[in-house]
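Colleague:
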Amino acid sequence: MSCPDWQRLAALRERDPDAEPPGWREALAHLDGCPACAAAALAADPLLVFRRLPRPAVREEEVAALGAEVLALVRAGRREARRPRRRGFWRGAAAAALVGAALLLEPGAGALRPGPGVTVAALAAEPAAPPLLDGLEASSARVYQLGGDGLALVLVVDASLDV
Amino acid sequence: MSRSLPPASRSLAARNRIRLGCALGGWLLLVTAGLTGAQGFPSPAPAPRVLSSYTLTLRHQPTAEAVALVRTLLSPAGSVEVKDDGRTLVVRDELAALSRIVGALRSFDHPAAPVRLSVRLVWAGSPQIGFGGAAAGELDPELAGRLRRLLRYDSFVLLSETRLEAREGDEVAYEFRSGYQVRFRLGTLLAGQRLRLHGFRVSRTQPPADLIHTTVNLPLAQPLILGLTRDEGSASALLVVLAYEPLPGV
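In order, the protein sequences belong to chains A and B. -11 is the number of the first residue of the first sequence in the numbering used here; add one for each residue after it. 264 is the number of the first residue of the second sequence in the numbering used here; add one for each residue after it.
(1) Please confirm whether VAL385(B) and PHE419(B) have their CB atoms less than 7 Å apart.
(2) How is PRO104(A) classed by DSSP in three states: helix, strand or coil?
(3) Can you find a C-beta in chain A that's less than 7 Å from the C-beta of THR492(B)?
(4) Using 8 Å as the Cβ pair cut-off and three pairs as the minimum, do the stretch 397 to 412 of chain B and the stretch 352 to 372 of chain B touch?
(5) Between VAL354(B) and GLY462(B), what straight-line distance do the alpha-carbon atoms span, to the nearest angstrom?
(6) I'd like to know if the stretch 24 to 31 of chain A and the stretch -9 to 9 of chain A are in contact, where contact means that at least 3 CB-CB pairs between them fall below 8 Å.
(7) Going along the stretch 391 to 415 of chain B in order, which residues come within less than 7 Å of chain A, judged by CB to CB distance?
(8) Checking 7 Å against the spacing of the C-beta atoms, do GLY490(B) and LEU505(B) come in under that value?
(9) DSSP beta-bridge partners for TYR416(B)?
(10) Determine the direct distance from the alpha carbon of VAL345(B) to that of PHE394(B), and round the result to whole angstroms.
(11) Can you give me the C-alpha to C-alpha distance between GLY396(B) and THR451(B), rounded to a whole angstrom?
(12) CB ALA331(B) to CB LEU321(B), shorter than 7 Å?
(13) Return the chain-ordered list of same chain residues with a C-beta closer than 6 Å to the C-beta of LEU19(A), the five sequence neighbours on each side being excluded.
(14) Report buried or exposed for ASP417(B), applying the criterion of at least 16 other Cβ atoms within 10 angstroms of its Cβ.
(15) From this set, ALA(-1)(A), ALA147(A), LEU121(A), which residue's C-alpha is nearest LEU487(B)'s C-alpha?
(16) Would you say ALA15(A) and LEU(-3)(A) are within 7 Å of each other, going by their C-beta atoms?
(17) May I ask which residues mark the beginning and end of the beta strand (DSSP E) holding ILE475(B)?
(18) GLY138(A) CB to nearest chain B CB: under 7 Å?
(19) Closer than 7 Å, Cβ to any Cβ of chain A: which residues of the stretch 475 to 486 of chain B, in chain order?
(20) For the beta strand (DSSP E) containing GLN485(B), list its first residue and its last residue.
(21) Find the nearest neighbour of GLY496(B) within the set ILE475(B), LEU361(B), ALA327(B), SER389(B), judged by alpha-carbon distance.
(22) What does DSSP give as the partner residues of ARG47(A) in its beta bridges?
(23) Quick check: GLY375(B) and ARG430(B), are their CB atoms within less than 7 Å of each other?
(24) Just to confirm before moving on: does the CB-CB distance between LEU124(A) and THR477(B) stay below 7 Å?
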């Protein structure tokens, strides 16, 4: 057998790693006995250097066990993240103070009023900005939301629009 | 009488001391672990969530909009309920979330505020096809320049323009001379920053045809341009340019 075209074979294998391109087995047999091909083959596919490594079959149960282990680690990580910490107490106290302050600052609730530069609104977080269009009644429409240059722009594209 | 051991015996004694130390350490480790297990140090469980509640009877603004606002601020543990009178909200949530909701609801439930709206209809296209109808005037060159940078169109012709004054909750319908109609219901000004236009509908009057029906969230800081076109490569589009400003008295 003459030296095979390693670039072509490598390209075919890259396209579908599970498939064996025609002439692949013969090429590998040739590679084992042809020192001239070694450089070309490894340049085309460096993974060929591992071609003699044993490939142990992995059973489905092993894959499932590995998946279960990863899942257990993820859950353990979540539990760890939820662990109560000392700071939790201070956060709770701060939140209670905010609610208490908001209730006390209600007009008519008492003589306490916000000091200069302090407003209740500053304590209240803004809700997340909603989309510019909400609930478009045109199932086939495509909606593009663009922004920038001081403009909010929504482009509604629908073949049924007769503008 | 002192006893001296040969070097080999001294080395053996040293090794024995190390072995004894290791055994003792291991035993202590086992005993500690056993005691810890016996005393029951379970893996830390999530702390139970403490919910507080807040009740507010709305005086000015629609209940449905208040509920929608609260839902955007609830934590996963929170809930909102409307009492039988249809105007009283009961919000249950963690304190941190509740503090945000209390502030937002107080700001939301204000008396109906007046606003001024500007609605402009603009034809957008390329100079090659040109606009065949009657133009109402020139589009502000600065706005036209910004539109040119965002859209694929070069030519912008102002078809109609109006300024309307209305209050939150009002129904608005306006028919333009250019053959289009715009109708909507003004929602609530959210922290003075956004205005919802419910049932926002643009239609053509001749021949009658609905073009779009939606809800618009109009930002205060910038005009909203609503472009309507048949496909992405279309040579022209209808632009509805919306803007508002709160009037004194908000």
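We treat Cβ as the ideally placed atom computed from N, Cα and C, and that holds for glycine. None of these values were measured; they are calculated from a predicted model.
Modeller: Based on what the coordinates show:
(1) yes
(2) Only weak support exists for where PRO104(A) lies, its pLDDT of 39 falling under 50; the coordinates are left without a value.
(3) yes
(4) no
(5) 28 Å
(6) yes
(7) ARG409, ARG412, LEU413
(8) no
(9) According to DSSP, TYR416(B) bridges with nothing at all.
(10) 53 Å
(11) 37 Å
(12) no
(13) CYS25, ALA29
(14) exposed
(15) LEU121(A)
(16) yes
(17) 471 to 482
(18) yes
(19) ILE475, HIS476, THR477, THR478, VAL479, ASN480, PRO482, GLN485, PRO486
(20) Neither: GLN485(B) is in no beta strand (DSSP E) and is coded neither H nor E.
(21) SER389(B)
(22) ARG47(A) pairs with nothing; no bridge assigned.
(23) The amino acid at residue 375(B) is misidentified as Gly; the sequence shows Ala. For ALA375(B) and ARG430(B), yes; Cβs fall inside 7 Å.
(24) yes
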